[in-house]
Structures are given as C-alpha cells and as structure tokens.
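Trainee: Please see the structure below; I have some questions.
Number of protein chains: 4
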Amino acid sequence: MVQAGVFGATGYTGHELISLLEGHPHVEVAFGTSRAEAGHSLRDLYPQAPDLTLIHTQKARLEHVDVLFLCLPHTQSASVAAAGLAAGVRVVDLSADFRLRSPQDFQKWYGVVHPAPDLLAEAVYGLTETARDSLPAARLVANPGCYPTSALLALYPLARADALAGPVFIDAKSGVSGAGRAPKQHTHFVEVADNLSPYSVGRRHRHLPEMEQALSGWTDTQLGVVFSPHLLSVPRGLLSTIYAPLRGGWDEDRVRGEVAAVYEGEPFVELLPPEEHASLAHVNRSNRCALGVSVVNGSALLTSAIDNLVKGAAGQAVQNMNLMFGFDEGEGLR
Amino acid sequence: MVQAGVFGATGYTGHELISLLEGHPHVEVAFGTSRAEAGHSLRDLYPQAPDLTLIHTQKARLEHVDVLFLCLPHTQSASVAAAGLAAGVRVVDLSADFRLRSPQDFQKWYGVVHPAPDLLAEAVYGLTETARDSLPAARLVANPGCYPTSALLALYPLARADALAGPVFIDAKSGVSGAGRAPKQHTHFVEVADNLSPYSVGRRHRHLPEMEQALSGWTDTQLGVVFSPHLLSVPRGLLSTIYAPLRGGWDEDRVRGEVAAVYEGEPFVELLPPEEHASLAHVNRSNRCALGVSVVNGSALLTSAIDNLVKGAAGQAVQNMNLMFGFDEGEGLR
Amino acid sequence: MVQAGVFGATGYTGHELISLLEGHPHVEVAFGTSRAEAGHSLRDLYPQAPDLTLIHTQKARLEHVDVLFLCLPHTQSASVAAAGLAAGVRVVDLSADFRLRSPQDFQKWYGVVHPAPDLLAEAVYGLTETARDSLPAARLVANPGCYPTSALLALYPLARADALAGPVFIDAKSGVSGAGRAPKQHTHFVEVADNLSPYSVGRRHRHLPEMEQALSGWTDTQLGVVFSPHLLSVPRGLLSTIYAPLRGGWDEDRVRGEVAAVYEGEPFVELLPPEEHASLAHVNRSNRCALGVSVVNGSALLTSAIDNLVKGAAGQAVQNMNLMFGFDEGEGLR
Amino acid sequence: MVQAGVFGATGYTGHELISLLEGHPHVEVAFGTSRAEAGHSLRDLYPQAPDLTLIHTQKARLEHVDVLFLCLPHTQSASVAAAGLAAGVRVVDLSADFRLRSPQDFQKWYGVVHPAPDLLAEAVYGLTETARDSLPAARLVANPGCYPTSALLALYPLARADALAGPVFIDAKSGVSGAGRAPKQHTHFVEVADNLSPYSVGRRHRHLPEMEQALSGWTDTQLGVVFSPHLLSVPRGLLSTIYAPLRGGWDEDRVRGEVAAVYEGEPFVELLPPEEHASLAHVNRSNRCALGVSVVNGSALLTSAIDNLVKGAAGQAVQNMNLMFGFDEGEGLR
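First to last, the protein sequences are chains A, B, C and D. Each number in this note's numbering comes from the position in the first sequence (counting from 1) with 1 added on. Each number in this note's numbering comes from the position in the second sequence (counting from 1) with 1 added on. Each number in this note's numbering comes from the position in the third sequence (counting from 1) with 1 added on. Each number in this note's numbering comes from the position in the fourth sequence (counting from 1) with 1 added on.
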C-alpha cells in the first residue's frame with residue numbers, strides 16, 4: 002500500500018482528496034494535517050468524512066510516507082515540497098507554487114519571491130492528459146488550477162494543431178467551493194444566493210498566466226487570452242465557454258475530428274455529440290471533463306465542464322498519483 | 002420630516018431598514034453608522050442601496066434626530082439607547098437588550114450583566130399587533146426577535162383565550178440572513194447550500210425566554226415551550242410550524258374564529274383560508290405575517306410565515322415608529 | 002450474478018437505483034423499462050447515467066431475471082409484481098402498493114380498489130433494520146416511503162419500549178426529488194427556489210397510515226400521529242424533527258440508551274452524540290440515517306435525516322435485496 | 002387614470018406587470034386575461050399578487066381600455082394587437098410578434114407565416130433608451146426580448162460610434178423565470194438546481210436575429226454575433242458578458258467615454274466605475290441595467306445585468322407606456 006500524507010486536510014480540496022483516497026484500493030492515508038484543527042477529527046468538520054484525527058503540520062513524519070499531497074495556500078507549499086523531496090518522498094502539489102515555470106512570473110502574480118525556485122525546473126505540470134509521459138518518473142507534480150484544467154483541455158487539441166488565430170475569450174463560471182473554505186464576505190450564503198458575479202475579469206486572475214504558459218508550449222501563435230471568471234450560486238462545478246477565432250480551413254468537422262482524435266480512449270475526457278454542449282450535470286462529483294464543440298462564423302465555440310474539486314483539484318491529483326505509481330489511471334476515481 | 006439615525010447600518014437589518022426609510026414619505030435618514038465602514042457609502046456594500054456615506058458611531062449627533070434605530074449586536078445597544086433617551090430622542094432597539102424584562106434573565110441568557118437595567122421597566126415590547134396601546138407614548142421600544150415575532154403572532158390569540166394546554170412545540174426554519182452578515186463558517190455558501198440544519202434546539206436558543214415571557218403575560222398556564230430553529234438554504238424568510246395541544250372544547254372552528262377575531266382589520270397579519278398553510282412565498286419582501294390554522298387530533302397546528310428582515314426586524318421597527326409618531330401604520334411598508 | 006430488472010427506470014428513484022446496481026459486484030441490470038422513453042438510453046435523460054437502452058414495459062422478459070425492482074406509480078406496481086411472482090421472480094416494490102396491509106386502508110388512501118389484495122399478506126414491509134428476520138425468505142418486499150423511513154427509524158426504539166405517551170408530532174422537510182420527475186407547477190424551479198412550503202399537513206398525507214400501521218405493530222399505545230411535510234428548496238435530502246411526549250421515567254439518558262442499544266452495530270443508522278442533531282449534510286448521497294436525540298421538558302426531541310432517494314428509496318431497496326439474496330448488507334452501498 | 006388591459010396575466014411576466022401597474026399612480030388594471038385560470042384570482046397563483054379576478058381572453062372588452070399589454074406566447078399576440086389597434090387602443094406587445102421587421106425573418110425563426118404583416122412597419126422596437134423619440138406617438142410597441150435588452154444596451158453606444166470590428170461574442174446567463182411558467186422538464190427544480198447549462202448556443206436562439214437587426218440599424222459593419230445563452234440556477238436575473246474586438250484607436254478611456262456620454266442622465270442605465278463589473282445583485286427586482294466596461298487586448302469586455310422580468314420585460318413595458326402617455330419615465334418603477 003502506498004502511504005499518503007495530506008497537508009491542509011481541512012479545506013474543501015483536502016477533504017475531497019481524503020475521501021477519494023479512502024476509497025482507493027492501493028493507498029492508505031497516513032496523516033492529514035491542519036494548523037487550526039489539530040487534534041480534532043476530520044469528521045468534526047465534515048459529517049460524512051473519514052474519522053481521521055488531524056495532526057499539526059509540524060508533527061507530520063515525512064519519512065513515513067511515499068507521497069505527499071499539498072493542499073496548502075500558495076507560498077506555503079513550496080517549503081513542504083522541498084522537505085518532502087529531500088526526504089525521498091514524491092509530491093503532488095495542489096497549490097500554485099510550481100505551476101508557473103518562471104520565478105519572475107510567480108513573483109509578478111503572487112507578489113512574493115518564489116520560496117523554492119530551484120525546484121521549478123523539474124516540476125511536471127500535471128494536466129494529466131497532456132503530461133502522461135512525464136508522470137511515471139516525476140518527483141514533483143504541479144497540479145493545475147481548476148480554471149486552467151477546464152479551459153486547457155478544451156483548447157489543447159486546437160492549439161497543438163495550430164488551428165487558433167486568437168484572441169481566445171474564456172468565459173468561465175465556477176461554484177463557490179472554488180473560493181475556499183475560509184469564510185469571507187463574498188462567500189457568505191446571502192451574498193452568493195441568487196447572484197452571479199464576474200470577478201478579476203480580463204487579465205487579472207492568477208490562472209491567466211498558467212493558461213498562457215501552457216498554450217505557448219503547444220503553439221507558436223500568441224493567442225492573447227481574455228479570461229472572465231464568474232462566481233455561480235452553486236456549491237461546486239465549473240463551466241468554461243470559450244470563443245476562439247479559427248484559422249482558415251478549420252470548419253466544424255475538422256475541429257471536431259481533431260478533438261476526437263486527441264481524446265480517443267481517454268477515460269476522463271468526453272467529447273459530446275454534435276450540438277450537445279457541456280453542463281455541470283455532465284460532470285459533477287466525477288473526475289470527468291465534458292467537452293462540447295461547435296464552429297460558428299469561423300470561431301470555435303467550446304464548452305468544457307468539470308467538477309472543480311475533482312478533475313479541477315483532488316481527482317486530478319489522484320489521477321496523477323496513479324500514473325506516478327504505476328496504478329490504473331482511474332483507480333479510486335469511479 | 003422625522004429625522005432618523007441608524008446605528009449599525011451595514012448589517013442585513015440595517016440595510017433593510019435604511020432601504021425602507023428611504024421610501025418613507027415622512028422620514029429622512031440623518032445618518033447611518035458603522036465602525037468598520039465609516040467613510041464609505043452604503044452602496045459600496047449593497048449595490049442597490051441608497052448612496053449614504055456612513056459615519057463612525059462616535060460621530061453621530063444624537064441631538065439632531067427624532068428617533069434612533071439601533072441595529073447593533075446585543076449588549077452594545079443599551080448604552081446608545083441610554084444616551085439617546087438622555088438627549089430626548091426616542092429609540093427603537095432592534096437588538097435583544099431590552100426584550101427581557103428581568104436583568105437576571107438577561108444575564109442568564111446573554112452571559113453579561115445588563116448594561117442599563119434602569120431602562121428595562123419602561124421598554125415596550127414592540128410586537129406591534131399586541132402593543133398598539135403602548136406605542137404612541139413609548140420612548141424606548143424593544144423590537145422583537147424574528148423567531149418570536151413569527152411564533153407569538155400565531156400563539157397570541159390562543160394564549161390570550163386560554164385555549165392552550167401545553168406543551169408548545171415550535172419548529173422554526175429561517176433563511177440565512179437571520180444569522181447576520183459577518184461571515185462565519187456556518188454561513189459559508191458551501192456549508193448551507195443543499196443543507197438543512199437544526200441548531201440550538203430544545204431550550205437553548207436565546208429567543209426562547211423572549212417567547213415564554215410574552216406568553217406568560219397572556220395566559221396563566223405554564224406552557225413549556227420546546228423550540229427548534231433550523232437553518233434553511235434560502236437567503237431570507239422564516240416559517241414556524243407550531244404544534245400546541247388544546248384544552249377541551251377548542252375545535253378548528255372555534256380556534257379559527259378566535260384568530261380571525263383578534264386579527265380582523267390588521268393590515269399586516271393575514272389568516273389564510275381553511276386548509277391553506279403559510280409558506281415563505283406568502284410573505285417574502287413584505288411586512289406581512291401569513292397564518293395557517295388547523296386543528297388535528299386535539300392539537301392546534303399553526304403555520305406562521307414572515308420575512309425575517311422585514312416583519313421580523315426592520316419592517317416591524319418602521320411599523321412601530323409609525324405608531325410612535327402618529328403616522329399611518331403602513332407608511333413606508335407597501 | 003443476480004439478474005435484476007427495473008420497471009420505471011427513468012424516474013429519480015429508478016435512475017438512482019440503476020446507478021447503485023451498476024456499482025454492485027453481484028448484480029447485473031438485465032433491463033430497465035420506460036413507457037415514454039423506450040428505445041432511448043438512460044444517458045439521454047441523465048448525462049452521468051449508465052448507457053442502458055430502455056425497453057418498453059411490455060417487452061420485459063420476467064423469466065430472465067432473479068429480482069424485479071418496481072419504481073412505478075402506485076396502482077401500477079401490483080400487477081407487475083403479481084406477474085413476477087408467478088414467474089418465480091422475487092420482487093422489491095418501491096411503490097406504495099404493498100405497504101398497507103389492509104386493502105380497505107389502501108382504497109381509502111389511494112382511491113381505488115387494491116389491484117392484488119391476495120398478495121398483501123405475504124408482503125414484507127422492508128424497513129430493513131426492523132425486518133431483518135423476514136427478508137431472507139421474502140418473495141415480495143414493500144419498500145417503505147421516504148417519510149416513514151425517516152420517522153420510523155427514529156421512533157422504533159421508543160415505540161417498542163413503550164416509552165411514548167402520544168401524541169407524536171412529525172415535522173418533516175423533503176427535497177424536491179421526493180415529488181418525482183414529472184414536471185408539475187409546484188416543482189417548477191421558480192416556485193420552489195427561496196421558498197419553503199408545508200403541504201398535506203395534519204392527517205392528510207398518504208404516508209401517515211403507513212407510519213401509524215408500523216407504530217401500532219410496535220406498541221399498544223394509540224399514538225395519534227400529526228404529520229407535517231414541507232417542501233424544501235433543495236434537490237434531495239429529508240429531515241424529520243419529531244416531538245413526542247414521553248411516559249414517566251424516561252429521561253434523556255434512558256432514551257438515548259434505548260436508541261443506542263437498538264441500533265448498536267447497525268451499518269446504516271448512526272446515533273449522533275448528545276446535543277448534536279441530524280442535518281442533510283450528515284447523510285446526503287449515502288444510505289445512512291443520522292439520528293439526533295434529546296429530551297426536553299418530558300418530550301423526546303428527535304431528528305432523523307436520510308437521503309430520500311437512497312435510504313428513503315433506492316438504497317434501502319438494494320439493502321433489502323442484499324439480505325434477500327444473502328449478500329453483505331452494505332454491498333453496493335458504500 | 003389610464004385603463005390598462007393585460008392579456009396573459011398568469012405567466013411570470015404578466016404577474017410582474019400587474020404588480021407594477023398596481024403601484025402606478027396613473028394606471029388602473031381594467032382586466033387581466035387567462036385561458037386556463039379564468040374565474041380565479043391572480044392571488045390563487047401568486048400569494049402576494051393583487052386580488053384580480055381573471056377573465057377569459059374572449060371576454061376582454063378592448064374598447065374600455067386605453068392600453069393593452071400582451072404577455073401572450075408568440076404568434077398569439079398579433080391578432081389581439083390588430084383587434085386592439087382597430088378599436089383605437091394602443092398596444093405594448095411583450096411577445097416576439099412585432100420585433101422582427103421582416104415577415105420572412107419571422108417565418109424563418111418562428112416557423113409560421115406572420116399573422117399580421119401589415120402592422121410590422123409601424124411597430125416601434127421598444128428598447129426605451131434608443132427609442133425615446135418614437136414612443137410618444139407610437140400605437141404599437143414591440144417590447145424587446147430579455148437577452149436583446151441586456152446585450153443591446155451594452156453594445157448600442159459602441160455600434161453607433163462604429164467602434165466595433167466584429168465578431169461579437171455574447172455569453173449570456175439567465176435565471177429560470179425567463180423560460181416561462183409552464184412546467185417543463187428542463188425547468189424542474191431538480192434539473193436546474195446546482196446546474197448551469199448552455200442551450201441554443203451559436204446562432205440558434207430566436208433572440209439572435211433581433212439583436213442583429215438592431216445592430217444593423219446602428220452600424221454598417223456586419224458584426225456577426227455569436228450568442229450563447231445559459232440557464233442559471235437562480236429564479237431571476239440576467240447577465241451578458243460580451244467580448245467585442247474594437248477598431249483601432251478605441252482604448253478603454255475612449256470606450257468608457259462613449260458609453261458615459263450616451264447614457265448620461267439615463268434613469269435606468271448605470272455605467273459602473275472602472276474595474277467594477279455588473280452582477281445580478283446590482284439589478285435584481287429593479288428596472289436598472291448595470292453596465293461594466295473594460296478594454297482588454299484590443300477587445301471590449303462588457304458586462305450588462307438586468308432583471309429579466311423587469312427591465313427585460315414588464316418594467317421596460319411600463320417605461321415605454323410612460324413615454325407613450327406622457328408620464329414621467331420612471332413612474333411606477335421605483
């Protein structure tokens with residue numbers, strides 16, 4: 002059995018991850034950490050969670066585990082990751098600390114000097130379907146953000162085939178769990194209920210550079226992403242509706258053919274039939290990504306739905322771990 | 002024009018109150034206070050609110066107003082009320098500070114010595130329909146809690162007629178705005194959405210003594226209230242479903258007749274037709290209380306719906322002020 | 002592998018059941034029927050459902066299966082059950098057709114002559130925890146209604162110990178899936194959202210006689226149930242808050258002791274710790290029943306939460322089938 | 002007092018309209034019609050509605066009113082409008098019957114021959130802020146669709162100034178009341194709750210030609226609209242997020258300046274401050290349109306929020322009527 006340690010077990014991602022790992026036939030949760038809740042059971046916070054007594058971050062024995070999952074706030078993951086790697090433990094980091102390859106970009110977007118720039122070079126960006134070759138040997142995986150997971154899975158086949166003329170408009174809508182468990186004014190039930198709010202639109206959200214970095218690895222065209230996240234009055238689920246002008250010669254058949262070819266046989270990415278578009282109901286509480294693909298007036302109109310806590314976070318982390326350890330990719334995810 | 006000052010303008014109750022007062026033909030809002038938001042406009046917090054620049058609590062000039070509305074946390078209202086009365090200003094207190102007549106009870110339920118026990122004797126408990134005689138001359142009105150407003154309006158006619166044998170079971174369900182605007186874990190959207198949670202059930206909620214005190218003024222029977230509040234996944238609205246064994250001789254006709262007689266002509270209390278019961282849709286965003294009344298197996302089955310922010314707080318405060326100042330009772334409330 | 006046939010596969014219960022059965026290691030779904038959707042895949046209706054091609058009711062080959070699950074409207078199940086039993090197939094009926102033992106009661110509450118009164122005598126009322134002895138040999142199981150499942154699991158230990166003095170007030174709140182999938186005015190999103198509505202309160206709901214029949218089998222005391230269902234603005238989940246005056250000598254310790262003793266070791270019923278009460282979050286999407294137990298002023302205050310589609314319908318049906326066929330009781334339910 | 006007749010009083014739009022008209026100081030509702038509910042009170046359907054006894058469509062006495070509001074399904078309005086005009090009554094049609102100027106377009110998008118093509122020429126497209134000159138003399142006003150109202154108010158200043166290079170991507174999200182009151186599978190609470198679904202995306206929704214027709218009246222540039230409506234799990238409110246590549250020379254200052262100039266002094270259109278974008282909370286239950294305007298990478302990023310039942314339907318109808326009859330534009334709308 003693979004022994005897994007989870008840092009930051011009490012957030013929505015940590016809870017989702019531990020619930021998934023508890024059902025995984027080849028993994029045992031060795032510990033879950035929490036600063037504020039050490040000594041309590043995870044079940045005190047989530048009535049259906051496993052009865053796992055949380056330990057303080059500093060009491061975690063890294064040498065007793067095979068893999069660390071880091072569900073910590075950005076900038077807090079890096080040092081734990083470094084310690085884990087030094088102890089010979091493989092790391093899946095669900096924070097943003099190792100997503101951007103350049104420490105300058107990190108500093109620009111996160112406002113602090115990167116805490117472990119030496120590790121950036123070896124971090125594998127774990128958008129599983131695009132990283133399958135690198136995962137078996139990876140020591141450090143940067144699990145993608147929820148918005149990038151959704152948008153990039155839709156854009157990957159077209160960027161890679163150089164079908165996109167740019168700019169790319171990503172209109173994304175996320176459930177509230179994506180904003181984290183710490184209570185804030187904007188996640189108060191009364192503020193969210195019956196509302197829909199755009200936030201950090203344009204080029205202001207931290208998931209933007211992550212998307213542009215990935216796209217630039219797939220195509221030489223400067224795509225110029227415009228990204229508008231919206232907060233939905235639902236607890237979970239994320240839908241990106243994407244408008245992307247195409248180069249000449251790319252009609253709906255060709256676009257659909259390309260997407261179909263790239264994702265043929267993928268266990269967790271489903272291209273929907275023509276004229277069907279992706280909704281949250283296609284994916285919620287699963288590790289699936291549902292893709293709808295149309296071409297209208299020379300532009301691709303793509304819809305991409307995921308559960309932000311599963312394929313957008315904890316599920317993809319397990320999927321990556323499965324490939325790192327040689328398990329079936331879907332183990333623990335069905 | 003009556004000049005009104007509002008302490009605690011930024012909470013859900015304060016906002017609702019200011020919105021109502023802005024539409025009132027005989028009242029002007031002279032100021033609204035906030036500790037944390039002084040200098041900002043109320044519109045920065047509520048995009049549809051009046052553009053009222055909030056002032057710090059300590060800058061409020063009590064002598065410039067005719068009436069003070071206190072939407073402060075309990076124990077903070079009392080001293081402001083005292084200062085207001087000393088300045089000759091009439092006070093409607095929406096906190097709990099003047100609801101319980103006995104300072105011992107206050108201390109027992111709120112955990113601190115009452116800050117202004119000398120004022121308790123003159124405070125009028127402002128359940129409007131039961132307090133109409135006292136309001137015109139009142140200097141200090143204790144606006145009832147939301148749960149007591151709902152439950153007591155249902156029980157008043159029967160308690161007063163000595164129809165109840167006891168015990169009284171009050172199963173109440175409230176929208177989340179009743180829990181206040183300060184973000185807490187239990188008001189996080191993700192915790193509330195798709196959930197329904199009982200809390201402080203039995204005899205543990207602070208609205209219990211307020212209900213028993215009022216009932217004891219209407220009947221000599223010791224009724225023994227059991228009270229179960231539940232948190233609903235809706236932003237506003239409050240429904241109490243009440244089960245109350247009746248004394249002999251009280252069948253449905255007699256019970257309905259009593260309720261109908263007591264509330265005949267009331268502008269804001271509506272007895273629903275036989276077999277119709279009250280829902281949030283009957284009352285939301287209005288100052289109405291809708292009452293459904295059945296008798297089953299010798300027990301009254303009462304449903305009483307209000308909007309917790311209107312009849313359960315700000316609306317009833319305006320209704321009380323109207324009577325204090327000799328205006329039409331419904332002014333500003335339609 | 003046990004071969005299972007599902008009649009009425011397209012309702013919320015049928016869909017939930019097929020999803021559970023697809024994950025059951027010892028069961029195969031041989032067919033699912035639908036009048037309106039024959040020829041279509043279940044996935045056309047539910048995007049995450051198994052890709053099961055629905056067949057017309059009349060094309061179902063009863064002789065090819067070992068067990069039939071009937072998710073049909075009441076009065077339609079009985080004849081299919083009779084045909085199944087005649088073909089040697091065991092039947093779990095999720096409709097109301099075999100829940101009431103007396104054909105007169107059925108006619109009174111459902112308005113038609115019972116279609117198969119000869120089968121009533123052998124039908125086992127499948128409230129699993131109270132029927133475990135009868136299930137292994139049962140040919141015909143009447144799966145309980147969702148409201149009775151919730152209320153009866155709470156009341157069973159106390160009724161059986163003759164602790165209840167009566168009357169029993171059951172204030173129940175259900176998610177909208179309990180009202181079925183056929184679109185009606187009162188299940189329109191706009192009617193339900195932000196609302197809470199009592200309906201069929203008192204002694205008017207068809208689940209009342211089912212509850213009283215079960216209680217009368219456990220205690221000689223005539224309890225006189227008053228039952229108030231409410232429609233919640235959530236898709237699933239059911240909470241009953243129950244107020245039940247106790248006989249002398251039953252304090253909280255004794256009541257909790259009785260409940261604990263009855264459910265000790267039960268895999269799907271959990272007595273919560275003192276002062277903790279049951280919420281939908283305790284149980285949703287699981288087959289669990291969470292019970293909160295207090296005693297206040299001489300009355301039991303019980304909270305009982307289930308997922309109406311799982312423990313309240315499809316999950317309990319699988320639980321019953323597991324016992325009928327000698328499988329582990331929790332197979333397919335975790 | 003202007004006497005108003007309302008056809009189709011029981012839908013969400015009809016109900017909203019009658020509620021507004023009841024508060025209008027210069028209008029009386031002479032009648033409201035309903036086929037299915039004639040003889041009942043509107044309050045039987047909406048517990049807070051005015052107690053208006055509905056009459057059968059055929060019993061409406063057109064000659065007794067000054068203005069007709071038609072809240073009928075498309076193709077049913079036209080003949081009533083014709084009869085009204087023949088009787089000398091002015092008409093505000095909230096259906097789609099007179100929105101498209103060409104009977105061929107109507108036939109293409111609505112699948113039937115236009116019932117009253119002779120009236121198309123005189124119908125005024127009632128997007129109030131763009132039609133103020135034509136309304137005082139108008140006999141027949143085609144009240145715009147909810148999606149076009151939202152999108153066109155955002156695009157009008159830029160189209161008119163020839164700032165748009167095309168294509169225009171309109172990503173719109175609407176509350177469920179936009180889908181009408183008749184219960185359908187896709188408006189069932191359980192289908193909508195916690196979901197977000199795109200539908201009729203691309204160039205398939207009937208509001209598309211309405212938008213393109215209006216745009217073509219403001220600019221000679223063929224803009225090529227791509228339009229993606231989504232169904233939100235909220236009862237009301239509509240937000241359009243619009244991505245529109247700009248011609249050279251249009252930076253954010255110039256774009257904002259143009260929008261500000263066009264809407265200066267408008268009572269119901271508000272340009273939000275820089276970096277603030279429109280949410281449903283800005284507008285719900287009001288006749289306001291809130292506009293957020295940014296320029297990113299050479300494209301305008303516009304957000305436009307309305308309440309679909311108010312500014313998107315009944316409120317705009319009242320606003321239009323006010324101008325038709327010489328009342329203050331905001332009468333009855335605050």
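Glycine residues also receive a C-beta, built at the ideal position from the N, C-alpha and C atoms. Fair warning: this is a prediction, and the values are worked out from it, not measured in the lab.
1) Can you pull out the residues from the segment 188–208 of chain B whose beta carbon lies closer than 9 Å to at least one beta carbon of chain D?
2) Tell me the rounded alpha-carbon separation between T129/A and Q320/A.
3) In this structure, how does DSSP classify E38/B when only helix, strand and coil are distinguished?
4) Pull up the distance between the alpha-carbon of S35/C and that of L73/C, whole angstroms please.
5) Pick from P149/B, A83/B and V66/B: whose alpha carbon is nearest that of A101/B?
6) Give the residues of chain A in contact with Q317/C, contact being defined as C-beta atoms less than 8 Å apart.
7) Taking buried to mean at least 16 other C-beta atoms within 10 Å of its own C-beta, is S80/A buried or exposed?
8) With DSSP as the reference, label A10/D as helix, strand or coil.
9) Please specify which runs of the alpha helix (DSSP H), each continuous and at least 4 residues long, are wholly inside the segment 167–253 of chain A, giving them in chain order.
10) Determine whether the beta carbon atoms of V169/A and V260/A lie at a separation below 9 Å.
11) Would you check if the distance between the CB atom of A301/B and the CB atom of A245/B is smaller than 9 Å?
12) Between P199/D and S280/A, which are expected to be in contact by the criterion C-beta below 8 Å, what is the C-beta distance as a whole number of angstroms?
13) Look at the alpha carbon of H27/C and the alpha carbon of D254/C, and state the distance between them as a whole number of angstroms.
14) Y148/B by DSSP, collapsed to three states: which one?
15) Should G176/C and P274/C be called a contact, given that it needs their Cβ atoms to be closer than 9 Å?
16) Would you call the CB atoms of V92/C and V114/C closer than 9 Å?
17) Could you compute how far the alpha carbon of G293/D sits from the alpha carbon of R182/C?
18) Would DSSP call S300/C helix, strand or coil?
19) What is the rounded straight-line gap between the Cα of G203/A and the Cα of T222/D?
20) Using the beta-carbon of each residue, which ones in chain D are nearer than 9 Å to P236/A?
21) Is H53/A helix, strand or coil when you go by DSSP?
22) Taking the beta strand (DSSP E) that E271/B belongs to, which residues open and close that run?
23) So, with DSSP's three-state summary, where would you put E276/A?
24) Starting from E130/B and walking both ways along the alpha helix (DSSP H), at which residues does that stretch end?
25) Determine which residues of the segment 104–135 of chain D have a Cβ less than 7 Å from any Cβ of chain C, and write them out in chain order.
26) Just grab the DSSP bridge partners of F70/A for me.
27) Tell me, please, which residues DSSP counts as bridged to E29/C.
28) Per DSSP, L165/A forms a beta bridge with which residues?
29) Report the rounded CA-to-CA distance for Y126/B versus V284/B, giving the unit in angstroms.
30) If distances are taken between C-alpha atoms only, which option among V263/B, P230/B, S96/B and Y111/B comes closest to T242/B?
31) Look at the Cβ atom of V311/B, then the Cβ atom of E64/B, and state whether they are nearer than 9 Å.
32) Could you check if S305/C is buried or exposed, using at least 16 other CB atoms within 10 Å of its CB as the buried criterion?
33) Identify which residue in V90/D, E213/D and V7/D has its Cα closest to the Cα of A160/D.
34) Report yes if the CB atom of L95/A is closer than 9 Å to the CB atom of T11/A, and no otherwise.
35) Relative to chain A, which residues along the segment 25–51 of chain C have a C-beta separation below 7 Å, given in chain order?
36) Taking the continuous alpha helix (DSSP H) assigned at L43/C, which residues delimit it?
Mentor: This is what the structure gives:
1) A194 and D195
2) Sequence index remark: in the first sequence, residue 129/A carries index 128 (1-based). Sequence index remark: in the first sequence, residue 320/A carries index 319 (1-based). In a straight line, the C-alpha of T129/A is about 7 Å away from that of Q320/A.
3) Here the question's residue 38/B lines up with position 37 in the second sequence. E38/B: coil per DSSP, three-state reduction.
4) Start at 1 with the first residue of the third sequence, and residue 35/C comes out as number 34. Start at 1 with the first residue of the third sequence, and residue 73/C comes out as number 72. Each residue's alpha carbon lies about 10 Å from the other.
5) Within the second sequence, residue 101/B is the residue found at index 100, counting from 1. A small fix is needed here, since residue 101/B is Leu in this sequence, not Ala. It is P149/B.
6) In the third sequence, the residue the question calls residue 317/C occupies position 316. Within chain A, no residue comes near Q317/C; the closest Cβ sits about 18 Å away, beyond 8 Å.
7) As a first step, residue 80/A is located in the first sequence; it is residue number 79 there, counting from the start. Result: exposed.
8) Reading the fourth sequence from its first residue, position 9 is the one you call residue 10/D. Coil at A10/D, not helix or strand.
9) 190–193 and 208–219
10) Looking up residue 169/A in the first sequence gives position 168. Looking up residue 260/A in the first sequence gives position 259. Against a cut-off of 9 Å, the Cβ pair of V260/A and V169/A comes out as no contact.
11) Along the second sequence, one-based indexing puts residue 301/B at 300. Along the second sequence, one-based indexing puts residue 245/B at 244. Yes.
12) Within the fourth sequence, residue 199/D is the residue found at index 198, counting from 1. Within the first sequence, residue 280/A is the residue found at index 279, counting from 1. Confirmed, Cβ separation roughly 7 Å.
13) Taking the first residue of the third sequence as 1, we reach residue 27/C at position 26. Taking the first residue of the third sequence as 1, we reach residue 254/C at position 253. Cα to Cα, H27/C sits roughly 42 Å from D254/C.
14) Taking the second sequence and counting its residues from 1, one reaches residue 148/B at position 147. Y148/B falls in the helix class under three-state DSSP.
15) Stepping through the third sequence from its first residue, residue 176/C is reached at position 175. Stepping through the third sequence from its first residue, residue 274/C is reached at position 273. Taking 9 Å as the Cβ cut-off, G176/C and P274/C do not qualify as a contacting pair.
16) What you label residue 92/C is simply residue 91 of the third sequence in a count that begins at 1. What you label residue 114/C is simply residue 113 of the third sequence in a count that begins at 1. No. Outside cutoff.
17) Position 292 of the fourth sequence, counted from the first residue, corresponds to residue 293/D. Position 181 of the third sequence, counted from the first residue, corresponds to residue 182/C. Their Cα atoms are separated by approximately 39 Å.
18) In the third sequence, counting from the first residue as 1, residue 300/C sits at position 299. S300/C: strand per DSSP, three-state reduction.
19) On the first sequence, position 202 is the one that residue 203/A refers to. On the fourth sequence, position 221 is the one that residue 222/D refers to. Answer to the nearest angstrom: the Cα atoms are 25 Å apart.
20) As a first step, residue 236/A must be located in the first sequence, where it is residue number 235. The answer, in chain order, is D195.
21) Taking the first residue of the first sequence as 1, we reach residue 53/A at position 52. Here residue 53/A is Leu; the residue named in the question, His, does not match the sequence. Residue state, collapsed to three classes: coil.
22) Translated into the one-based positions of the second sequence, residue 271/B becomes position 270. Segment V270 to L272, the beta strand (DSSP E) holding E271/B.
23) For the purposes of this step, residue 276/A is identified with residue 275 of the first sequence, where counting begins at 1. Coil at E276/A, not helix or strand.
24) Along the second sequence, read from residue 1 onward, the residue named residue 130/B stands at position 129. Per DSSP, E130/B belongs to the alpha helix (DSSP H) from T129 to A132.
25) none
26) Start at 1 with the first residue of the first sequence, and residue 70/A comes out as number 69. Paired residue(s): V7/A and V93/A.
27) As a position in the third sequence, residue 29/C is number 28, starting the count at 1. Bridge partners of E29/C: Q4/C.
28) Taking the first sequence and counting its residues from 1, one reaches residue 165/A at position 164. Beta-bridge pairing links L165/A to L247/A.
29) Here residue 126/B corresponds to residue number 125 of the second sequence, with the count starting at 1. Here residue 284/B corresponds to residue number 283 of the second sequence, with the count starting at 1. So the alpha carbons of these two residues sit roughly 23 Å apart.
30) The count along the second sequence starts at 1 and reaches residue 242/B at position 241. T242/B has its Cα closest to that of P230/B, out of V263/B, P230/B, S96/B and Y111/B.
31) Your numbering for residue 311/B matches position 310 in the second sequence. Your numbering for residue 64/B matches position 63 in the second sequence. For V311/B and E64/B, no; Cβs fall outside 9 Å.
32) Position 304 of the third sequence holds residue 305/C. When all chains shown are included, S305/C counts as buried.
33) In the fourth sequence, the residue the question calls residue 160/D occupies position 159. Per the Cα distances, E213/D.
34) Within the first sequence, residue 95/A is the residue found at index 94, counting from 1. Within the first sequence, residue 11/A is the residue found at index 10, counting from 1. Cβ atoms of L95/A and T11/A: not closer than 9 Å.
35) P48 and Q49
36) In the third sequence, residue 43/C corresponds to position 42, counting from 1. Start and end: L43 to L46.
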